[in-house]
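In this note's numbering, the protein residues as written are 2 to 216.
Note that beta-carbon positions come from the ideal geometry of N, C-alpha and C, so glycine has one too.
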Amino acid sequence: MKTFKTHVCIVSDQPIPNYVPILDTQFRSKEVFLLTTPKMQTKAEILKRTIEKRCQIQPEIINIDNAYNMEELKKKILVLLGQIGGQTKDVALNVTGGTKLMAIAAFKLFRSAGFPAFYFTDNSNEILILDGSNDRYTLQPAKMEIKDYLNLHGYQIVSGSKIIRDIPTSRKHIGEELVKKQKTYADAISHLNYIISKGSEQKKQPELQKRKALL
């Protein structure tokens, strides 16, 4: 399995594609940089805290003021790559997140500088290495704790199983019950996640094909 010392991630609405490759101990990097726009700032902070807690890595957030300003993105990435240093094989871009425009621009910049990239498919836990080899690996990360899953999606857990977020009361009760009895519901939740991921597979495959075609 190819591994990388540093992961550069583009923060988006979906935190799992950036989180799971770091959660997996075999594929885990030693450094993580999170490229984020103002719109995704809160999600970047949540992802950063979760990675710190669960993976003992201190991610650094790199702010991109405008998701559609490719010159700014290019400058920030070039400065970052210069700051990281080291060999090109040690640094990889997780191209799964961000807008299509950001992902494509970042990938092209990494490729032109000789750095690899990878794409994560969460319904199968597969990593596709985008370096011309098309190597593919299936990750086997530790089971994600329910608390982590809720935290990554903006739910704050306090007082044991009490959940804080501006959501309907009925949904809070469901979340609190899952946290309180997470061992009891572990298998059921795992099966439910599998069904959900299968249901979204048809939507994700065209997206992957589009990105691969554009890249």
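For residue 68, the first and last residue of its enclosing alpha helix (DSSP H): No alpha helix (DSSP H) contains residue 68, which DSSP labels as neither H nor E.
Would residue 140 and residue 21 be called neighbours here (beta carbons separated by less than 8 Å)? yes
Taking the C-alpha atoms as reference points, what is the distance between residue 147 and residue 81? 33 Å
Can you give the Cα-Cα distance for residue 56 and residue 137, rounded to whole angstroms? 23 Å
May I ask you to list the residues that DSSP assigns as paired with residue 34? 9 and 61
On a Cα-Cα basis, can you pick out the residue from 60, 77, 3 and 117 that is closest to residue 67? 77
Under a three-way DSSP split, which group does residue 129 fall into? strand
Quick check: what's the CA-CA separation for residue 61 versus residue 12? 12 Å
Looking at C-beta atoms only, is the number of pairs between the segment 114–127 and the segment 90–100 that lie closer than 8 Å three or more? yes
With distances taken between CB atoms, is the gap from residue 51 to residue 126 smaller than 8 Å? no
Could you give the distance in angstroms between the alpha-carbon of residue 91 and the alpha-carbon of residue 53? 21 Å
Shortest alpha-carbon distance to residue 46 belongs to which of 16, 84, 70 and 7? 16
So if DSSP puts residue 118 in a beta bridge, which residue, or which two residues, is it bridged to? 94
Residue 138 lies in the beta strand (DSSP E); which residues open and close that run? 137–139
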